[in-house]
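The next block holds one structure in the form of structure tokens; read it before the comments.
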Amino acid sequence: MKTLFLSHNPHEAHLNFAKSIDARIKILPFNNYVNLIKKVHFLSHFYPILCFFYSLFLKVNENVLLVDGGSSLYLASFLKIRKKNLKLIYLDGDLMFYYLLKNNIIPRLSLKSALGNIDYVLSVSEHNKC
């Protein structure tokens, strides 16, 4: 089983976990854009499009995607659409699911689609017990 670790800004624990399982590590070049989205929210509408085009040029020979952070889910989702046999494992180190449930927010269609492509979630957060 070959694994590809995807993140735009990896959490140290997740990065070390990926290294420990000999995953190929791909740090996505989106950290500045994601930080800008936090200041200029309108730019978030273009993020899925950016991820789509980036996914067209990312070669994936692995059969497992290990994804760190909600922002990397878009890219992972597009990769999974291209390569149906990929398994997507989301490393939950933030409060994304907690906020979606707690605030009863219906996510945008693109996020909802990305969430639907997750096969497994690894979480140690007390907030994300469902």
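All residue numbers for the sequence shown refer to the working numbering, where the first residue is 2 and numbers rise by one.
For glycine and all other residues, C-beta sits at the position ideal for the given N, C-alpha and C.
Reference isoleucine 50, options Leu67, Val68, Leu123, Ser73, closest by Cα: The residue labelled residue 50 in the question sits at position 49 within the sequence shown. It is Ser73.
Phenylalanine 31 (DSSP reduced to helix, strand or coil): Position 30 of the sequence shown, counted from the start, is the residue given in the question as residue 31. Phenylalanine 31 falls in the coil class under three-state DSSP.
Closest residue to phenylalanine 58 among Leu80, Leu116, Asn64 (Cα-Cα distance): Taking the sequence shown and counting its residues from 1, the one referred to as residue 58 is at position 57. Checking every option, the nearest Cα to that of phenylalanine 58 belongs to Leu80.
N-terminal and C-terminal residue of the beta strand (DSSP E) that lysine 88 is part of: Looking up residue 88 in the sequence shown gives position 87. Taken as a continuous stretch (DSSP letters only), the beta strand (DSSP E) holding lysine 88 covers 88-93.
Inter-residue Cα distance where the pair is isoleucine 107 and serine 8: To locate residue 107, count along the sequence shown from 1; it is residue 106. To locate residue 8, count along the sequence shown from 1; it is residue 7. Unreliable positioning characterises isoleucine 107 in this predicted model, as indicated by a pLDDT of 47, which lies under 50. A coordinate reading is not provided.
Cβ neighbours of lysine 84 in the same chain (closer than 8 Å, five flanking residues each side left out): In the sequence shown, the residue the question calls residue 84 occupies position 83. Within the same chain, lysine 84 has close Cβ partners Val61.
For leucine 76, the first and last residue of its enclosing alpha helix (DSSP H): Translated into positions along the sequence shown, residue 76 becomes position 75. Unbroken alpha helix (DSSP H) run through leucine 76: 74-83.
Whole-Å CB distance - glycine 94 paired with histidine 15, under 8 Å assumed: Walking along the sequence shown from the start, residue 94 turns up at place 93. Walking along the sequence shown from the start, residue 15 turns up at place 14. 6 Å between Cβ atoms; contact.
Burial state of phenylalanine 6, where buried means 16 or more other Cβ atoms lie within 10 Å: The sequence position of residue 6 within the sequence shown is 5, counting from 1. Flag for phenylalanine 6 reads buried.
Whole-number beta carbon distance between asparagine 64 and leucine 89, since they are thought to touch under 8 Å: To locate residue 89, count along the sequence shown from 1; it is residue 88. To locate residue 64, count along the sequence shown from 1; it is residue 63. With a Cβ gap of about 11 Å, leucine 89 and asparagine 64 do not count as contacting.
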